[in-house]
Amino acid sequence: MAVLFRQYSLLVAGLLFAAAACAGVRHSVNKDNGLRGWDFTDGDIEIELIQRLPDQTRALFMNHEFSREVIEQLALSCMFQTIIRNTGRSGSGQPVSVDLTQWRLQHAGKTRGILLKEPLLASWSDTDASEAAKLVVRWGMFPTQQEYLPSDYNWGLTAYGIPPGAEFDLEVTWTEGGTPHGATIEGIVCAPDVDKLK
Amino acid sequence: MPVSCLRTFILLLSLLAIPVQAGQQLTPIPGQVPAPDFTLQDTEGRQHRLSDYRGKTVIINFWTTWCPPCREEIPSMNRAYHSLAGDDVVILAINMGEDEDTIFIFTADYPADFPLLLDRSGEVIAQWPVKGLPTTYVIAPDGTIAYRAIGGREWDEAGFLDLIRELKQ
Chain A
1 MAVLFRQYSL
11 LVAGLLFAAA
21 ACAGVRHSVN
31 KDNGLRGWDF
41 TDGDIEIELI
51 QRLPDQTRAL
61 FMNHEFSREV
71 IEQLALSCMF
81 QTIIRNTGRS
91 GSGQPVSVDL
101 TQWRLQHAGK
111 TRGILLKEPL
121 LASWSDTDAS
131 EAAKLVVRWG
141 MFPTQQEYLP
151 SDYNWGLTAY
161 GIPPGAEFDL
171 EVTWTEGGTP
181 HGATIEGIVC
191 APDVDKLK
Chain F
1001 MPVSCLRTFI
1011 LLLSLLAIPV
1021 QAGQQLTPIP
1031 GQVPAPDFTL
1041 QDTEGRQHRL
1051 SDYRGKTVII
1061 NFWTTWCPPC
1071 REEIPSMNRA
1081 YHSLAGDDVV
1091 ILAINMGEDE
1101 DTIFIFTADY
1111 PADFPLLLDR
1121 SGEVIAQWPV
1131 KGLPTTYVIA
1141 PDGTIAYRAI
1151 GGREWDEAGF
1161 LDLIRELKQ
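The listed protein sequences correspond, in order, to chains A and F.
The first sequence begins at 1 in the numbering used here and counts up by one.
The second sequence begins at 1001 in the numbering used here and counts up by one.
And the structure:
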């Protein structure tokens, strides 16, 4: 029995070590449109960031009642299509919690928070955005706080408030079963604007 | 994850025989939380009040046409709707902020035979603990929230259909 227990403990340790050792970032390039992606995994969390062209953002928001200034503000804010999920791969069933107010980006020697939808929404007057248009931002941008059980995921826009084509490092934090975790995803690049694509 | 890491991980998991549930899951909601009641009109002009469906299992899905995972799960939800016909299960998909014309055009590509409700102002979704779309709740026949899913699912998976049917028993 003691031998079995020791073997089981070694296997558990090996499993945890393998999970920790395999944490990392995969890079991708969409062969159809050239957009780049960063896919970070660690434990039960997966964070996927996919470049979004300013023109894609313009196209989304031009279909709604935003002023031209607000559409440009959003289009030039370095948006990423973002997916965060609890993969449940450890089998622990623990919740993964994410609070975007704690994320930090490092760009041009400065560290600051990412753009969140709440202050954006609060900054717009009725002429900047109709109530219906504000709903698109409220539900299209990524939830600021969320708890994910296994299989849960969100898909939405995150924005970083730096120019098209800029490079930055992103400090991400989360908790898994209440235990804090953090990592830095290095060398993320905002999609270029249309004039840089030619 | 690199292939070598994945192989190691899978090998160790198989040796341990940890009962990792394959595939997707629904999150059980403990504590008999009552579902917030609402009355909304669907795209056909019919009124739906959640409390009128007491005694049936109700799947409430919050969605929009411009949300990619919302679009992805509509076909499986439609198949689930047909699979659950005769099981006293109702599906109500509550659209956030869009009008009938937008939804009508959408359903040409994504047919949905269950009611599509209109929450134009967002008043109803504000009463529910929804933070992102899609989010889906399964309401037990007694009016309490039984399960939650954040993000899309393949709703016609046999395990899901069994869970939903079991709520009636």
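Built from N, CA and C at the ideal position, the CB exists for glycine as well.
Note that the structure is predicted; figures quoted are calculated from it, not measured.
Applying the criterion that 16 or more other CB atoms from any shown protein chain within 10 Å of the CB defines a buried residue, is residue i buried or exposed?
i: residue 62 of chain A; result: exposed
i: residue 108 of chain A; result: exposed
i: residue 117 of chain A; result: buried
i: residue 1022 of chain F; result: Because the pLDDT of residue 1022 of chain F is 46, which lies under 50, any placement of that residue in the model is unreliable, and the number read from its coordinates should be weighed accordingly. That one is exposed.
i: residue 1051 of chain F; result: exposed
i: residue 1136 of chain F; result: buried
i: residue 1166 of chain F; result: exposed
i: residue 151 of chain A; result: buried
i: residue 1042 of chain F; result: buried
i: residue 21 of chain A; result: At residue 21 of chain A, the pLDDT of 46 sits below 50, so the modelled position is not reliable and the matter cannot be decided from this model.
i: residue 44 of chain A; result: buried
i: residue 1126 of chain F; result: exposed
i: residue 42 of chain A; result: buried
i: residue 1032 of chain F; result: exposed
i: residue 38 of chain A; result: buried
i: residue 1169 of chain F; result: exposed
i: residue 12 of chain A; result: Confidence is the limiting factor: at residue 12 of chain A the pLDDT is only 46, short of 50, which leaves the residue's position unreliable and the question unanswerable from this model.
i: residue 119 of chain A; result: exposed
i: residue 112 of chain A; result: exposed
i: residue 33 of chain A; result: exposed
i: residue 182 of chain A; result: exposed
i: residue 8 of chain A; result: Because residue 8 of chain A carries a pLDDT of 49, less than 50, the predicted location of this residue cannot be relied on, and no value is offered for it.
i: residue 178 of chain A; result: exposed
i: residue 1068 of chain F; result: exposed
i: residue 137 of chain A; result: buried
i: residue 1119 of chain F; result: buried
i: residue 1030 of chain F; result: exposed
i: residue 74 of chain A; result: buried
i: residue 27 of chain A; result: exposed
i: residue 29 of chain A; result: exposed
i: residue 1152 of chain F; result: buried
So residue i is in the beta strand (DSSP E); what residue range does that whole segment cover?
i: residue 180 of chain A; result: 179 to 189
i: residue 156 of chain A; result: 153 to 159
i: residue 147 of chain A; result: 145 to 148
i: residue 1139 of chain F; result: 1135 to 1139
i: residue 28 of chain A; result: 24 to 29
i: residue 173 of chain A; result: 167 to 176
i: residue 113 of chain A; result: 110 to 113
i: residue 35 of chain A; result: Looking at the DSSP string, residue 35 of chain A is not in any beta strand (DSSP E), and its letter there is neither H nor E.
i: residue 106 of chain A; result: 104 to 107
i: residue 97 of chain A; result: 96 to 99
i: residue 1148 of chain F; result: 1145 to 1150
Tell me, which residues are paired with residue i by DSSP?
i: residue 1082 of chain F; result: Answer is none; residue 1082 of chain F lacks a bridge partner.
i: residue 83 of chain A; result: A/48, A/155
i: residue 162 of chain A; result: In DSSP, residue 162 of chain A forms no bridge with anything.
i: residue 1094 of chain F; result: F/1062, F/1117
Check for me: the alpha helix (DSSP H) holding residue i runs from which residue to which?
i: residue 1107 of chain F; result: 1100 to 1109
i: residue 137 of chain A; result: 131 to 140
i: residue 123 of chain A; result: 117 to 123
i: residue 1159 of chain F; result: 1158 to 1166
Would the beta-carbon of residue i be found less than 8 Å away from any heavy atom of the ligand ADP?
i: residue 1107 of chain F; result: Absent from the structure shown: the ligand ADP. Ligands present: none.
Legend entry - Minimum length 4: unbroken alpha helix (DSSP H) runs contained in the region 38 to 78 of chain A: 54 to 62, 68 to 75
Inset, instruction - Evaluate contact between the region 77 to 87 of chain A and the region 124 to 134 of chain A, counting only Cβ atoms and requiring at least three cross-stretch pairs below 8 Å. - result: No: fewer than three Cβ pairs fall under 8 Å.
Inset, instruction - Return the chain-ordered ranges of every alpha helix (DSSP H) run that is complete within the region 1017 to 1092 of chain F and spans a minimum of 4 residues. - result: 1068 to 1083
Inset, instruction - Report yes or no: do the region 1102 to 1115 of chain F and the region 144 to 155 of chain A share at least 3 C-beta pairs separated by less than 8 Å? - result: Short answer: they don't touch.
Inset, instruction - Examine the Cβ distances between the region 1064 to 1082 of chain F and the region 1034 to 1054 of chain F and report whether three or more of them are shorter than 8 Å. - result: no
Legend entry - Cβ contact (3+ pairs, closer than 8 Å) linking the region 94 to 101 of chain A and the region 162 to 170 of chain A: Touching, no, given that fewer than three Cβ pairs across the two stretches are closer than 8 Å.
Inset, instruction - Evaluate contact between the region 1061 to 1068 of chain F and the region 179 to 195 of chain A, counting only Cβ atoms and requiring at least three cross-stretch pairs below 8 Å. - result: no
Legend entry - Three CB pairs or more closer than 8 Å across the region 1140 to 1156 of chain F and the region 172 to 180 of chain A: No, because fewer than three Cβ pairs between the region 1140 to 1156 of chain F and the region 172 to 180 of chain A fall closer than 8 Å, the two stretches do not touch.
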